[in-house]
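Undergrad: In the working numbering, the protein residues as written are 1409 to 1561.
Think of the CB as a built atom: it goes at the ideal place given N, C-alpha and C, for glycine as much as any other residue.
All figures in this text were calculated on a predicted structure; none of them were measured in a lab.
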């Protein structure tokens, strides 16, 4: 149902555009997963429709209408949630937060994750490479955060 709404909205665009709607649960302990999903949301927010709304805002508006048509007390949550999504999807603060989370993953966590996932100079097996940890810390982690503090742009 949700994907059908997305497809109908995208059909209105002059250029063929494809977006697969996926839902995931936010995981406080999984910044990498959340950051990767943030990039998907930013992708949808960047699709601007003829009425000036982005794809997520328009999808939420359609879901709001659908929530009213489905009927029954149980469907009020569809209306409430879609109204909140429509408001949030127009917020620059939300867009900036998603950008920060996405960039944190691509510029920081992917590099530190690679330290644990691949073989290194001192060890031939994948895993936590203890002997290379000081090099990661002093050559990458400290300079990264000092630069971020000095120049947040």
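Buried or exposed for residue 1419, please, with buried defined as at least 16 other CB atoms from any protein chain shown within 10 angstroms of its CB.
TA: Counting from 1 along the chain shown, the entry for residue 1419 is found at position 11. So residue 1419 counts as exposed.
Undergrad: Leaving out five residues on either side along the sequence, give the residues of the same chain with a beta carbon under 8 Å from the beta carbon of residue 1469.
TA: Residue 1469 sits at position 61 when you count from the first residue of the chain shown. These residues qualify, in order along the chain: 1461, 1490 and 1494.
Undergrad: Could you give the distance in angstroms between the alpha-carbon of residue 1446 and the alpha-carbon of residue 1544?
TA: Indexing the chain shown from 1 puts residue 1446 at position 38. Indexing the chain shown from 1 puts residue 1544 at position 136. One C-alpha to the other measures close to 26 Å.
Undergrad: If we count the other Cβ atoms within 10 Å of its Cβ and call it buried at 16 or more, is residue 1405 buried or exposed?
TA: Any answer about residue 1405 is impossible in this case: the structure gives the chain only from 1409 up to 1561.
Undergrad: Hey, could you find the ends of the alpha helix (DSSP H) residue 1487 is sitting in?
TA: By one-based count along the chain shown, residue 1487 stands at place 79. It spans 1484-1497 - the alpha helix (DSSP H) in which residue 1487 sits, taken as one unbroken run.
Undergrad: How is the alpha helix (DSSP H) around residue 1501 delimited, first residue to last?
TA: Here residue 1501 is taken as the residue at index 93 of the chain shown, counted from 1. Element bounds for residue 1501: 1500-1512.
Undergrad: Please report the straight-line C-alpha distance between residue 1477 and residue 1413, rounded to a whole angstrom.
TA: Reading the chain shown from its first residue, position 69 is the one you call residue 1477. Reading the chain shown from its first residue, position 5 is the one you call residue 1413. In a straight line, the C-alpha of residue 1477 is about 14 Å away from that of residue 1413.
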